[in-house]
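Here the protein sequences line up with chains A and B, keeping their order. FYI, the numbering for the first sequence is 1 to 116, going by my numbering. FYI, the numbering for the second sequence is 1001 to 1110, going by my numbering. Just so you know, even glycine gets a beta-carbon here, dropped at the ideal spot from N, CA and C.
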Amino acid sequence: GENVGLHLPTLSVQEGDNSIINCAYSNSASDYFIWYKQESGKGPQFIIDIRSNMDKRQGQRVTVLLNKTVKHLSLQIAATQPGDSAVYFCADETLAGGTSYGKLTFGQGTILTVHP
Amino acid sequence: EADIYQTPRYLVIGTGKKITLECSQTMGHDKMYWYQQDPGMELHLIHYSYGVNSTEKGDLSSESTVSRIRTEHFPLTLESARPSHTSQYLCASRTGYGYTFGSGTRLTVV
């Protein structure tokens, strides 16, 4: 079925660097995208979301970019800190109806490791 | 911090036992979800509910069942646990765009 996937399973960065985590999705009907952070032993924690009528959205130290033409989503983390070390998941949903309405589809996670 | 609670956090149980994983939320959300997650892998939707007396199977086939008798409570039951059910089970609820996840139940069937 439709799915969301990540290009790289692991990413290691130095503290203070910027991190970029990428995600490709295949459901052209998806119109809502979310990035989650999951720390060991915890449930996913919301980071930032974006609707398909936008191509960029910024939060605190995080930016999500959406390229609908190539069905690509990225999460940028500025000045990465050791506390950012976690698994990051992208997820998509169709808000406009259809078979995936009201249900998130998750991609494979990327493990981000931040070295002091 | 969390307004959605899952119990137990960890469970080790023998094959053939019946178990119920509890999930409760205090936010009054109508929509609730159960996801299954193997270590380091993506989450797969196994059940969801859009309100009381509404339950649907998710995208991943599961031998578990759910019920939704009260808005705040969405328990998941395995009638006869097997080693293949070993996994982490995450409960979530939502209102509008936002999803809130519980901390999960890590189930091991021996």
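Any C-beta of chain B under 8 Å from that of residue i
{"i": "residue 104 (chain A)", "result": "yes"}
{"i": "residue 88 (chain A)", "result": "no"}
{"i": "residue 58 (chain A)", "result": "no"}
{"i": "residue 31 (chain A)", "result": "no"}
{"i": "residue 16 (chain A)", "result": "no"}
{"i": "residue 42 (chain A)", "result": "yes"}
{"i": "residue 108 (chain A)", "result": "yes"}
{"i": "residue 49 (chain A)", "result": "yes"}
Euclidean distance between Cα positions of residue i and residue j
{"i": "residue 1055 (chain B)", "j": "residue 1038 (chain B)", "result": "23 Å"}
{"i": "residue 106 (chain A)", "j": "residue 1108 (chain B)", "result": "23 Å"}
{"i": "residue 1103 (chain B)", "j": "residue 42 (chain A)", "result": "5 Å"}
{"i": "residue 1006 (chain B)", "j": "residue 53 (chain A)", "result": "35 Å"}
{"i": "residue 993 (chain B)", "j": "residue 1082 (chain B)", "result": "Residue 993 (chain B) lies beyond the stretch modelled for chain B, which goes from 1001 to 1110, so this question has no answer here."}
{"i": "residue 46 (chain A)", "j": "residue 1075 (chain B)", "result": "23 Å"}
{"i": "residue 1111 (chain B)", "j": "residue 1047 (chain B)", "result": "There is no way to answer for residue 1111 (chain B), as the model of chain B reaches only from 1001 to 1110."}
{"i": "residue 11 (chain A)", "j": "residue 109 (chain A)", "result": "11 Å"}
{"i": "residue 1101 (chain B)", "j": "residue 36 (chain A)", "result": "10 Å"}
{"i": "residue 1004 (chain B)", "j": "residue 1025 (chain B)", "result": "4 Å"}
{"i": "residue 1008 (chain B)", "j": "residue 24 (chain A)", "result": "35 Å"}
{"i": "residue 59 (chain A)", "j": "residue 1049 (chain B)", "result": "31 Å"}
{"i": "residue 13 (chain A)", "j": "residue 78 (chain A)", "result": "11 Å"}
{"i": "residue 1040 (chain B)", "j": "residue 63 (chain A)", "result": "24 Å"}
{"i": "residue 1113 (chain B)", "j": "residue 69 (chain A)", "result": "Outside the shown range of chain B, which is 1001 to 1110, sits residue 1113 (chain B), and nothing can be said about it."}
For residue j and residue i, believed in contact at Cβ under 8 Å, the rounded distance
{"i": "residue 80 (chain A)", "j": "residue 22 (chain A)", "result": "Not a contact, Cβ separation roughly 15 Å."}
{"i": "residue 28 (chain A)", "j": "residue 71 (chain A)", "result": "7 Å"}
{"i": "residue 1063 (chain B)", "j": "residue 1018 (chain B)", "result": "Contact flag wrong, Cβ pair sits at about 12 Å."}
{"i": "residue 114 (chain A)", "j": "residue 38 (chain A)", "result": "That belief does not hold up - the Cβ atoms of residue 114 (chain A) and residue 38 (chain A) are roughly 15 Å apart, past 8 Å."}
{"i": "residue 1066 (chain B)", "j": "residue 1034 (chain B)", "result": "6 Å"}
{"i": "residue 969 (chain B)", "j": "residue 1044 (chain B)", "result": "Any answer about residue 969 (chain B) is impossible in this case: the structure gives chain B only from 1001 up to 1110."}
{"i": "residue 1036 (chain B)", "j": "residue 1099 (chain B)", "result": "Actually they are not in contact, since the Cβ atoms of residue 1036 (chain B) and residue 1099 (chain B) sit about 16 Å apart, beyond 8 Å."}
{"i": "residue 1042 (chain B)", "j": "residue 89 (chain A)", "result": "7 Å"}
{"i": "residue 1020 (chain B)", "j": "residue 1086 (chain B)", "result": "The Cβ separation is near 17 Å, so there is no contact."}
Nearest to residue i (by Cα), restricted to the options the options
{"i": "residue 66 (chain A)", "options": "A:115, A:20, A:13", "result": "A:20"}
{"i": "residue 82 (chain A)", "options": "A:112, A:46, A:31", "result": "A:112"}
{"i": "residue 1015 (chain B)", "options": "B:1084, B:1023, B:1027", "result": "B:1084"}
{"i": "residue 15 (chain A)", "options": "A:85, A:93, A:91, A:104", "result": "A:85"}
{"i": "residue 1095 (chain B)", "options": "B:1028, B:1052, B:1046, B:1057", "result": "B:1028"}
{"i": "residue 1105 (chain B)", "options": "A:40, A:51, A:25", "result": "A:40"}
{"i": "residue 51 (chain A)", "options": "A:108, A:93, A:109", "result": "A:93"}
{"i": "residue 49 (chain A)", "options": "A:9, A:110, A:74", "result": "A:74"}
{"i": "residue 1069 (chain B)", "options": "B:1009, B:1032, B:1008, B:1097", "result": "B:1032"}
{"i": "residue 1023 (chain B)", "options": "B:1071, B:1040, B:1057", "result": "B:1071"}
Beta carbon proximity, residue i to chain A, threshold 8 Å
{"i": "residue 1057 (chain B)", "result": "no"}
{"i": "residue 1101 (chain B)", "result": "yes"}
{"i": "residue 1097 (chain B)", "result": "yes"}
{"i": "residue 1012 (chain B)", "result": "no"}
{"i": "residue 1041 (chain B)", "result": "yes"}
{"i": "residue 1048 (chain B)", "result": "yes"}
{"i": "residue 1104 (chain B)", "result": "yes"}
{"i": "residue 1031 (chain B)", "result": "yes"}
{"i": "residue 1060 (chain B)", "result": "no"}
{"i": "residue 1090 (chain B)", "result": "yes"}
{"i": "residue 1045 (chain B)", "result": "yes"}
Practice task
Let me know the beta strand (DSSP E) ranges lying completely inside the stretch 36 to 80 of chain A, each 3 residues or longer, listed in chain order.
Solution key: Runs of the beta strand (DSSP E) inside the stretch 36 to 80 of chain A: 45 to 51, 56 to 58, 62 to 67, 72 to 77.
Handout entry: beta strand (DSSP E) runs contained entirely in the stretch 1015 to 1076 of chain B, provided each spans 3 or more residues
Key = 1019 to 1025, 1031 to 1037, 1043 to 1051, 1054 to 1057
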